[in-house]
Amino acid sequence: MDLTRIVRTHITTGELNPPAELITSLDNGALPLTDVVRALGEYLTSTEDETRLKGLTFLGNVIKTINSTRINRPATQTLTNFFLAKLDDFDSLAPALQALTVLSKLSTFGDDAAVEVYKGIVEQVNLKAYVQATRHLAYVLIDSLLALHRKALKDLGAEFLNSYTKLVDGEKDPRNLMLLFSMDRVILLEFEVADHIEDLFDITFCYFPIMFKPPPNDPYGITAEDLKIALRGCMAATPLFSKMAIPLFLEKFSTATGPAMKDLLQSMTACFPVYGAEAVRERGTELWEGIKTEIMYSSDATIEAAALACLESLIKTLYPTSGDSPAGLAQDVIKESLALLDEPEKSQATSGVKVIACLLRASPNVGAFAYSQALPQLFRQFNNPALPSHRAPILSAISSLVFAARSVYGSSETTRSQLDEKTLEPFRDNIIDVLREGLRTDDLKSPAIKGTVSLVELPGFIDPNDVENIVRGLNDILVNDKIAEHRSAVVKALTAISVVHPALVENITLPLLFHNLPETAPSIDKVEARDQYRDVLKSLSELCVQPALFETLVVRVTTKLDLMSSSPSISSGNDSAEYRECEVAFIWDLLNALLGVIETKIKHNHLDVVKHFDRIIPRLNTLAFNAAGPSTQPAEPLFRDGRLLTIVGRLTETMVWELSLERQAKYFAAVYNAFERGSVGEMVHDVSSVTVVRSPMKSGASLSEKNLVVLYSSAVQGMKAGVTDPFPSAEAFLSDKITWAVNEAANEYQLNSMLELICAYVNKREQAFKQSLEGILETVWVREVIDTEQAFETRRKGLLAYLYILKALTLLRQPLAYTAMDRVIGILKLSGVDPVFVNEAARGFSVIAQGKGKDKGKASHLTGKLLYAQKMWNHVLPQLLEGDSEVTGRERLPYLIAFASLLPLVPASLCLSDLKTILPLLLRSLALGDPTQRVNAIITLISILETQNLTAEVDTLLHSQASNLVEGLIKSALPSDGMQTNPHARATALRALALIPDAIRLDTLRPAKSGIIRDLGKALDDPVRSVRREAVECRARWYRYGQ
């Protein structure tokens, strides 16, 4: 190895990181480190500053990179001395400090060397003359010495402390301060600092309170909160600070506001326990006065919370043990709080309650004494109020104190117990009485509900009979109260109680709620009864998330579904069609409530969802299959309704997804046998009640039997990718399903269900097809899509099957997706030959735009790779733009329809990057006949208009097209004879128009403002309330435009 050449090359080129071959030679001992130093000789001693700096940096990088075991003790000493000699060289300081830091961490670096290096820094370096980065290197070196050679520095005694305080005094850089604060804390904790406490106080408390605001794009990411926490650690490091710190705290009370006041309170909270009772007691009254002001008068909730925490710390410091008598300051605090409670209607009474609660958290004895004074006073006031309206705030105060006790004694992390301290024991009956009365009185229900929950959650405080009475009182409100807020609060309360006493809620509340569900669906004119049962279902949905209650919900709901589906559908005296709708709505509500509970449980990772799969899905399948078969009833069975089958399908997909792979495979086999072979036994709960034995997938199946395909589809959608198929050939299965969709599906419901199955299966089994999928797509394309001799409906279904497979591949970013999409785009140029089918193909782009199915209102179980939408958008958009530019007249329409249909696929950020290209298309899309496509364009425009900090280019584009944009939106916002519309399209257009005044400067639209306001006035007469609401808000914004 030519070491001289390597060194010369690296120094000359400025590449100061040593090459790998050099490091390898040093690590394996082939090359001594002294040879490197010798080769660098002329550069290390050069009179040229730049050359010398490069040489030192190269040597430092070598030391940092090589294996530390290759540097023995003599080499360490030699290198240390060499770099120490460079400390007084202004330009060489940075690499010298870096090298010394590396050396200081070696096992061969001794305490003597550490002292020598430290003295070298403080004696030879005027640190204040250097930039922040160099000062940081010096502090990093000292931090390393403190960490690894603390005893050596500690033995220096006063010499170290005096020099250190002078060295760091005046530092202002945030990154350096973070490092200094950590070193200051170590020194304060580990060193004998009593004789130097004033100097240490000066270099720490001079920064208090922190007023730092991080600069924009700060590369270090240091926040003011980081600095505050670090400084607080120093301030609370030693009780020796107390004599100087507490007067400073009191002084700051008169000047600090906002964040500074919060910092002050939080710092005192940290310091009081360290400073100790004697130091704090001397100025305790003054401290309380300052803290009290922030508790009572601060408008900032975070400052109030910080003040309460500070008071808690103060009391905890003054009364640290359970044997401390609540004398002195505690008596004054309690007395003042009780005085505030004398006027319960005033806001300061709430502060008094918070202070009493704070005392309980701080000290057992002080808290017990405070409660012994406050609760009797509140009971007297509640029983004999000065005004009846005072009872609500009084009961709220009692409930808050009970809640505070629950937070102290009922927390999972607490070491305190109500059974030991008995704070509330003397007042048990009084508390129960006032809360029970509160539950029976309209104006007192809200605070009473809060208090009862806290009371029940206090471990072992009240006996089961009292809990039962409380639950009955809450049940009465839940069933009979007309105020929604009260019922909602009761549900939350009962949910909390069910965690502690599930049996009571299960045996008392649930039967009552189920009793209030009607036996049959209320007729169409019984609006109040329908609202009532929906309120009951909402309550059950929230309550029955708990595992102990969920089983009851499952049993009751499935039983009611069995009864309703087996009873005659039409009651006498009711119009058959109308009443059937009511029954379907009732069953749908029951199933939706069950689905909502299951989804909540899954979100909370409850393990009992899987356990109930066999209790729910097979029973629902039984109802569906039984309804699909021949019926002797005069009315059509309820579970033939597609809406009920759809929600059963959603339940199926949701629960199947939670099963293990083995159970999924078993269920897939059961579903396959039922639909392909007519063997429903393993899929249903009661096979004897199922009259259909034909396969719903076979030719000749009835319409109701074919509708069951939604259950097949949902099962496949819920499967995971690793599930074993119950058939030998994935290709044959897929081909069969495509054939069924094209030739057997009798309506859009069946077609869409099968298309979702096809998409899900391809998405989850893409690897199983290998090369065959391309052939399957080719077959569909040739036989079904482009064969003009086929019926239009056959071609349309074939195209949809093709697009749903394409969607599955798009989500996976498979190359086949893009070649297949090219074919669909190619059809668009044929509008002069086959305009109807071409427009259908253009609308088919909406299938790709669905993505993972976010339009379904449910979680999708399709697999989607990162950036799949962007990749497809970037592939399609240029082709659509090119095709649009190559044609004229009506032949441009398919490209515009395809563009508008694809818009939901991509986020606003991608549209912004392409805005110059797509804005003309977006504006033209506002004139499309299909309201769905117009909505797509409007929603995209809304996302653009709502974007903050638009670039100058985008802003210029929007302003240049502002008039055309507003004109197009106005046309979509108002009904007209020449354009299809719907309420959603009109409301969305008005929402977009409402954003214009904030996005476009008035001078651009000033001439049009009055006309736009006039047109918006017409929208105020829209027949749909939601549209009128948007119109009112939109016109109000335009009136304020420019004011």
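Under this note's numbering, think of the first position of the sequence shown as 21, with each following residue one higher.
Don't be surprised by glycine CBs; every beta carbon is placed ideally from N, CA and C.
Could you tell me the boundaries of the alpha helix (DSSP H) in which N495 lies? Counting along the chain, the alpha helix (DSSP H) containing N495 begins and ends at P484 to N500.
Limits of the alpha helix (DSSP H) - the one that M717 falls within: No alpha helix (DSSP H) holds M717; DSSP gives it neither H nor E.
Would T121 and V151 be called neighbours here (beta carbons separated by less than 8 Å)? No, these two residues do not count as a Cβ contact at 8 Å.
S596 by DSSP, collapsed to three states: which one? The answer is helix: DSSP assigns S596 an H, G or I state.
Per DSSP, what are the beta-bridge partners of S996 in this structure? M999
With distances taken from CA atoms, which of D440, T435, A406 and F447 is nearest I418? F447
Taking all protein chains shown into account, decide if D1069 is buried (16 or more other Cβ within 10 angstroms of its Cβ) or exposed. Any answer about residue 1069 is impossible in this case: the structure gives the chain only from 21 up to 1063.
Please go through the segment 894-953 and give each complete alpha helix (DSSP H) segment of 4 or more residues, from N-terminal end onward. Fully enclosed alpha helix (DSSP H) runs of 4 or longer: 913-922, 928-933 and 935-945.
Assuming S866 and V858 make a contact with CB atoms under 8 Å, what is their CB distance in whole Å? So it is not a contact: roughly 15 Å between Cβ atoms.
Where D875 and S921 are concerned, what is the direct C-alpha to C-alpha distance, given to the nearest angstrom? A caution first: D875 carries a pLDDT of 46, below 50, which makes its placement in the model too unreliable to give a value.
Close beta carbons around A1012, own chain, < 6 Å, minus the five adjacent residues each side: Closer than 6 Å at the Cβ level, and outside the excluded window around A1012, lie I958, L961, I962 and L989.
So what's T121 in DSSP terms, helix, strand or just coil? helix
Just to confirm the assignment, what range does the alpha helix (DSSP H) spanning A647 have? F633 to A648
Helix, strand or coil for L882? Go by DSSP, reduced to three states. The three-state secondary structure of L882, taken from DSSP, is coil.
Start and end residues, alpha helix (DSSP H) containing M774: E768 to F789
So L361 and G372 are in contact, right, with Cβ under 8 Å, and what is the actual spacing, rounded? 5 Å
With a CB to CB cut of under 8 Å and the five nearest residues on each side skipped, what residues in its chain are close to E90? Just to set this straight, residue 90 is Arg in the shown sequence, not Glu. Result list for R90: L46, D47, G49 and L53, in chain order.
How close, in whole Å, do the beta carbons of L284 and C254 come, if the pair is a contact with beta carbons under 8 Å? No, L284 and C254 are not in contact; Cβ-Cβ is about 15 Å, not under 8 Å.
Starting from the Cα of I503, find the closest Cα among L925, S719 and D462 and give me that residue. D462
Runs of alpha helix (DSSP H) wholly within the segment 37-121 (minimum 4 residues, chain order): Positions of the alpha helix (DSSP H) runs, each at least 4 residues long and wholly inside the segment 37-121, are given as 40-47, 53-59, 61-64, 69-85 and 93-104 in order along the chain.
In three-state DSSP terms, what is R28? helix
Does the beta carbon of I964 fall short of 7 Å from some heavy atom of the ligand SAH? Of the ligands one can find in the structure shown there are none, so the ligand SAH has no counterpart to examine.
Spatial neighbours of T24 in its chain, beta-carbon cut-off 7 Å, leaving aside the 5 residues before and after: So the list reads A59, once near-sequence residues are dropped.
With DSSP run on the structure shown, which of helix, strand or coil describes F211? coil
Reduced DSSP category for D462 - H, G, I as helix; E, B as strand; rest coil: Look at D462 here: in three-state DSSP terms it is helix.
Let me check understanding here. Comparing Cα to Cα, which of F695, E601 and G949 lies closest to A644? Nearest C-alpha to A644: F695.
Could you check the C-alpha separation between P522 and L569 for me, to the nearest Å? 7 Å
Residue closest to K885, alpha-carbon to alpha-carbon, out of E804, A821, K784 and L916: Cα-wise, what sits closest to K885 is K784.
Note down, in chain order, each residue of its chain lying with its Cβ closer than 8 Å to the Cβ of Q552, except the 5 sequence neighbours on either side. N536
Could you check which residue in A327, L942, G387 and A861 has the C-alpha nearest to that of T313? A327
Looking only at its chain, what residues have a beta carbon closer than 6 Å to the beta carbon of I473, apart from the 5 residues adjacent to it on each side? Reading off the sequence shown, one finds Val at residue 473, where the question assumed Ile. Around V473: A513 and A516.
Apply the 10 Å Cβ neighbour rule to A406 and answer buried if 16 or more other Cβ atoms are within range, or exposed otherwise. With fewer than 16 other CB atoms across the displayed protein chains lying within 10 angstroms of its CB, A406 is exposed.
For the putative contact between V137 and L104, defined by C-beta atoms under 8 Å, what is the C-beta separation to the nearest angstrom? 6 Å
Tell me which residues share the same chain as R816 and place their Cβ nearer than 6 Å to its Cβ, disregarding the 5 neighbours each side in the sequence. E860
Measuring alpha carbon to alpha carbon, tell me which residue in A821, F812, V782 and Q787 is nearest W801. A821
Measure the Cβ-Cβ separation of A741 and C779 and say whether it is below 8 Å. In this structure, C779 does not lie closer than 8 Å to A741 by Cβ.
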